[in-house]
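S.K.: For any residue, its number in our numbering is found by taking its place in the sequence shown, counting from 1, and adding 103. One structure follows; several queries about it will come next.
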Amino acid sequence: MARDRTDGSPPNFQEAVSASLTRLQNNRIGEVKHFTRSLMTLNLASQAERWSLNDMQLGTRSLFGMKVGEEADYIPQLIKAAEWHPVAFEAAGILAARFLKRQETMPDDLRVWAMEALSGKEKPPMPKNERKGIQGETWWRDFYVWSAVCDLVEEGMYPTRNAASAPHSACDAVAAAMKKLGLNPMSYSAVYSIWRKYQRMDDRSLD
Numbered sequence: 104m105a106r107d108r109t110d111g112s113p114p115n116f117q118e119a120v121s122a123s124l125t126r127l128q129n130n131r132i133g134e135v136k137h138f139t140r141s142l143m144t145l146n147l148a149s150q151a152e153r154w155s156l157n158d159m160q161l162g163t164r165s166l167f168g169m170k171v172g173e174e175a176d177y178i179p180q181l182i183k184a185a186e187w188h189p190v191a192f193e194a195a196g197i198l199a200a201r202f203l204k205r206q207e208t209m210p211d212d213l214r215v216w217a218m219e220a221l222s223g224k225e226k227p228p229m230p231k232n233e234r235k236g237i238q239g240e241t242w243w244r245d246f247y248v249w250s251a252v253c254d255l256v257e258e259g260m261y262p263t264r265n266a267a268s269a270p271h272s273a274c275d276a277v278a279a280a281m282k283k284l285g286l287n288p289m290s291y292s293a294v295y296s297i298w299r300k301y302q303r304m305d306d307r308s309l310d
């Protein structure tokens, strides 16, 4: 049972870990990375369809920080990007399925790509750096990690610590909660990097 903190004192470390664990589970932290990637894919497919059918081009675009190349929302460029970018490959597949479902004629580039993909000639590409994954797909996961740290700071905990201090900061507590969930980031340094990045964004928004 958690102790009474009506005196305004900060939570102890175990209470902080427990509170962070509950928050992260409520935010479905284990699924949010997949949700973000799905949203990236659907948005890219929809933009390619809308602008291509109107014979328009958008130029270089960034989606959740992910750039797949110049005019990537234009179907021929989307197909080109699908050769090396996993999200573009998935978006091209979604777009082809939409044309088939509506029984509409596909643009030539998409039709040829779909035939090769279905025959196995076009393989899903791997990220250039598989260890780092897809740029942008961890945005919401990291946001929830930062928010969990901020909750503990509002309760009176220090967000970070120096190397000589005991590992009892808010970042330590959130890292411990993530470790219990078996999810990254689960180290103090990784959570600290996320907290610092998003804190800077938050500070700039207040200027």
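All C-beta atoms, glycine included, are put in the ideal place defined by N, C-alpha and C. As the structure is a computational prediction, the values presented were derived from the model and not from experiment.
1) Pop quiz: residue 298 and residue 135 are said to be a contact at Cβ under 8 Å. What is the actual Cβ separation, rounded to whole angstroms?
2) With DSSP run on the structure shown, which of helix, strand or coil describes residue 129?
3) Hey, which unbroken runs of the alpha helix (DSSP H) at 4 residues or more fall wholly within the segment 181-227?
4) Does the Cβ of residue 137 have 16 or more other Cβ atoms within 10 Å, making it buried, or fewer, making it exposed?
5) Mapping DSSP to helix, strand and coil, what is residue 270?
6) Measuring only the C-alpha atoms, how far is residue 179 from residue 282?
7) Could you check what DSSP says for residue 263 in three-state terms: helix, strand or coil?
8) Going by CA-CA distance only, name the one from 200, 251, 150 that's closest to residue 217.
M.R.: According to the data block:
1) Here residue 298 corresponds to residue number 195 of the sequence shown, with the count starting at 1. Here residue 135 corresponds to residue number 32 of the sequence shown, with the count starting at 1. The Cβ separation is near 17 Å, so there is no contact.
2) The residue you call residue 129 lines up with position 26 of the sequence shown. Residue 129: helix per DSSP, three-state reduction.
3) 189-204, 211-221
4) Against the sequence shown, residue 137 aligns to sequence position 34. Label assigned to residue 137: exposed.
5) Translated into positions along the sequence shown, residue 270 becomes position 167. In this structure, residue 270 counts as coil in the three-state DSSP scheme.
6) Translated into the one-based positions of the sequence shown, residue 179 becomes position 76. Translated into the one-based positions of the sequence shown, residue 282 becomes position 179. Near 43 Å, if we compare the C-alpha coordinates of residue 282 and residue 179.
7) In the sequence shown, the residue the question calls residue 263 occupies position 160. In this structure, residue 263 counts as coil in the three-state DSSP scheme.
8) Working through the sequence shown from its first residue, we reach residue 217 at position 114. That would be 200, whose Cα lies nearest to the Cα of residue 217.
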